[in-house]
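In the order they appear, the protein sequences are chains A and B.
Per this note's numbering, the first sequence starts with residue -14, numbered consecutively.
Per this note's numbering, the second sequence starts with residue -14, numbered consecutively.
Number of protein chains: 2
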Amino acid sequence: MEQVFSTKCFGGEQRVYKHKSKATGTDMEFAVFLPRAALDGFVCPSLVYLSGLTCTWENVTTKGLPQMHAAKHGMIFIAPDTSPRGEAVANDDGYDLGQAASFYLDATQEPWAPHFQMESYLTDELPDLLIDALPVDEDAIGITGHSMGGHGALTLALRHPDLFHSVSAFAPITNPVDCPWGQKAFNAYLGPDESQWAQHDACALIKEQGWDGDILIDQGLADDFMSSQLKPWAFEAACREAGVDLTLRLQGGYDHSYYFIASFLADHFAWHADRLE
Amino acid sequence: MEQVFSTKCFGGEQRVYKHKSKATGTDMEFAVFLPRAALDGFVCPSLVYLSGLTCTWENVTTKGLPQMHAAKHGMIFIAPDTSPRGEAVANDDGYDLGQAASFYLDATQEPWAPHFQMESYLTDELPDLLIDALPVDEDAIGITGHSMGGHGALTLALRHPDLFHSVSAFAPITNPVDCPWGQKAFNAYLGPDESQWAQHDACALIKEQGWDGDILIDQGLADDFMSSQLKPWAFEAACREAGVDLTLRLQGGYDHSYYFIASFLADHFAWHADRLE
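Next up, the structure:
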């Protein structure tokens, strides 16, 4: 794990690491903010943030100002990449498939399976690396994300409740089996057998197994993708059916951009901090 | 003045405007954040932020999160561009001269003079436009900036004390007549007569005329440009000689990036808000 960038920020340190990943078979980069307490060696709660289509670790790191809130709450903030990358890695001309569009699952189909193993990377390899190298409290890890990353946060938390102790999302794709982005990606990565798809659909997962805690979602009402791709009401209905306490905040006038995320990121940090104490 | 972008952010609105400038003879863009009070029609104090070399209005608008602090203090935040732009506008191969490197003065030399009239633009044309179109309190306008924009903030405030009622800066070029960036730009824009240069040098200006108020500057000690280009101690000495109350905060470990600016932007907003009441 090589530190390729570091600078002081809000009294802590913003770093970027690069490492060879066994799960993806590629070099992977991720950003991590360490609050002062972590720099002083104290074990801290952490929040993992999964980004949306077309993004890298850089978007939230430079446009969301997570450092301010992480510093305030004494939390470590981790922003992984959105997929494996490189010339040897399969890709697609569309922005919504291939590199920067992994959907955070382990692909079973060619040409994706050799490198697109993001679920294994994020739930097995990366936590081990982080816990080994940094003062990450393994019993206090939350996860959040935006759009495709909101889908990732919800599904990875539901599939790995021993790893993730709190979950929230910004404008998540809640029901990928029933939207164009999800259908295209699941068909490519998982193949045409739709019974496999449900294992990576937040609505299906929560109805099947529930969630031992509450969930916070912010959704902008001026978000152009809300009706066609994100479908917050599908997840609201699924949570009601599953008896899971969902706080769905529909934010009038807000769009799908980082102006929306930045506006409510403080609330998500406070929410996770409360639950990771 | 045409609104080319608008989105909700921190309960207010982030907008971008485009307009034909008489001063520069080009189309100009600027970003403005309006807090909720301004949207409701209440006249508000404003903070103008001038960016550094290579930037546009976009850098601070997306990376500094000024909206959070502007919303808190009920202030309007205005981010102009760093120069005139376009194919018909003179330019230079260097990043430190020409487009995105105006140094915020009125050029007197060819080929720059026809369009590089940024002091007139920022102190005459733009304030009139803003006061006419938006609820900007003309008696409560502060100015700040970063690097070249810190030079712009200091020199424009000192040259136009009736317009700007408070001034601060992040890592400003304080003594451009005595650093490579400033010498290259002043020679090009103002010609070889160095007596003209002093009229745009913050150190010379403050010694000549003082400033009826105090000044706040943050400077990162891990900033690679500090010793060669920024020279905060030159301005500290000039303020001492002029009897001006300067708070120069040397921030250990911080560099020249937006990670530094974002870390201290809240303090600058609070400082200007106090002085613009």
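Just so you know, even glycine gets a beta-carbon here, dropped at the ideal spot from N, CA and C.
Note that this is a predicted model, so its numbers are computed, not measured.
Other residues of its chain near residue i: CB distance less than 8 Å, five sequence neighbours each side excluded
| i | result |
| --- | --- |
| residue -9 of chain A | -2, -1, 0 and 1 |
| residue 220 of chain B | 139, 157, 159, 160, 187, 188, 191, 202, 231 and 233 |
| residue -14 of chain B | 2, 3, 4, 114 and 118 |
| residue 210 of chain A | 132, 156 and 241 |
CB-CB length for residue i against residue j, believed under 8 Å
| i | j | result |
| --- | --- | --- |
| residue 125 of chain A | residue 261 of chain A | 4 Å |
| residue 142 of chain A | residue 128 of chain A | 5 Å |
| residue 244 of chain B | residue -6 of chain A | 4 Å |
| residue 254 of chain A | residue 32 of chain A | 7 Å |
| residue 153 of chain B | residue 37 of chain B | With 8 Å as the limit, residue 153 of chain B and residue 37 of chain B do not qualify as a contact, their Cβ atoms being about 15 Å apart. |
| residue 241 of chain B | residue 118 of chain B | Going by Cβ atoms, the distance from residue 241 of chain B to residue 118 of chain B rounds to 34 Å, so no, they are not a contact pair. |
| residue 170 of chain B | residue 86 of chain B | 7 Å |
| residue 105 of chain A | residue 91 of chain A | 6 Å |
| residue 94 of chain A | residue 183 of chain A | Not really, about 17 Å apart at Cβ, beyond 8 Å. |
| residue 233 of chain B | residue 202 of chain B | 5 Å |
| residue 218 of chain B | residue 81 of chain B | Actually they do not touch by this definition, with Cβ atoms about 22 Å apart. |
| residue 50 of chain B | residue 247 of chain A | 6 Å |
| residue 48 of chain A | residue 48 of chain B | 6 Å |
Beta-carbon neighbours of residue i, restricted to chain B and to distances below 9 Å
| i | result |
| --- | --- |
| residue 207 of chain A | -8 and -7 |
| residue 50 of chain A | 48, 49, 50, 53 and 247 |
| residue -1 of chain A | 244 |
Any non-hydrogen atom of the ligand NAP closer than 7 Å to residue i Cβ
| i | result |
| --- | --- |
| residue 210 of chain A | Questions concerning the ligand NAP fall outside what the structure shown contains, since it holds no ligand whatsoever. |
Interface residues of chain B facing residue i [CB-CB closer than 8 Å]
| i | result |
| --- | --- |
| residue 106 of chain A | Those do not exist, as residue 106 of chain A stays about 27 Å from chain B at its closest Cβ, beyond 8 Å. |
| residue 243 of chain A | 47 |
Same chain, Cβ closer than 6 Å to residue i, five either side skipped, listed in chain order
| i | result |
| --- | --- |
| residue 235 of chain A | 204 and 206 |
| residue 40 of chain A | 67 |
| residue 20 of chain B | -3, 55, 56 and 59 |
| residue 164 of chain B | 214 |
| residue 185 of chain A | 90 and 140 |
| residue 230 of chain A | 199 |
| residue 64 of chain A | 16, 34, 42, 45 and 46 |
| residue 145 of chain A | 108 |
| residue 257 of chain A | 32, 127 and 151 |
| residue 134 of chain B | 35, 36 and 37 |
| residue 102 of chain B | 8, 9 and 91 |
Residues that residue i contacts on chain B, provided the C-beta gap is smaller than 7 Å
| i | result |
| --- | --- |
| residue 248 of chain A | -6 and -5 |
Interface partners of residue i on chain A, CB under 7 Å
| i | result |
| --- | --- |
| residue 204 of chain B | Under the 7 Å cutoff, chain A gives no residues; its nearest Cβ is about 13 Å from residue 204 of chain B. |
7 Å CB neighbourhood of residue i in its chain, flanking five on each side removed
| i | result |
| --- | --- |
| residue 11 of chain A | 69, 70, 71, 74 and 100 |
| residue 76 of chain B | 83 and 84 |
| residue 5 of chain B | 12 |
| residue 28 of chain B | 120 and 122 |
| residue 227 of chain A | 191, 192 and 195 |
| residue 223 of chain B | 188, 191 and 192 |
| residue 98 of chain A | 92 |
| residue 148 of chain B | 108, 112 and 126 |
| residue 251 of chain A | 54 |
| residue 22 of chain A | 29 and 59 |
Minimum Cβ-Cβ distance from residue i to chain D less than 8 Å
| i | result |
| --- | --- |
| residue 203 of chain B | Here chain D cannot be found, since the structure's protein chains are A and B. |
Residue ranges of each alpha helix (DSSP H) run of no fewer than 4 residues wholly in the region 89 to 165 of chain B, ordered along the chain?
For the region 89 to 165 of chain B, whole alpha helix (DSSP H) runs of length 4 or above, ordered along the chain, are 111 to 118 and 133 to 144.
Using a Cβ-Cβ cut-off of less than 7 Å, list which residues of the region 215 to 240 of chain A approach chain B; keep chain order.
Cβ proximity to chain B below 7 Å picks out 238, 239 and 240 from the region 215 to 240 of chain A.
Ignoring anything shorter than 3 residues, give me the beta strand (DSSP E) runs that lie fully in the region 21 to 65 of chain B, in order along the chain.
DSSP runs (the beta strand (DSSP E)) wholly in the region 21 to 65 of chain B: 29 to 35 and 61 to 65.
Note down, one range per segment and in chain order, each alpha helix (DSSP H) of at least 4 residues found wholly within the region 172 to 208 of chain A.
Complete alpha helix (DSSP H) runs here, min 4: 179 to 182 and 187 to 194.
Can you list, in chain order, the stretches of the beta strand (DSSP E) that have 3 or more residues and sit fully within the region 220 to 249 of chain B?
The qualifying runs are 230 to 236.
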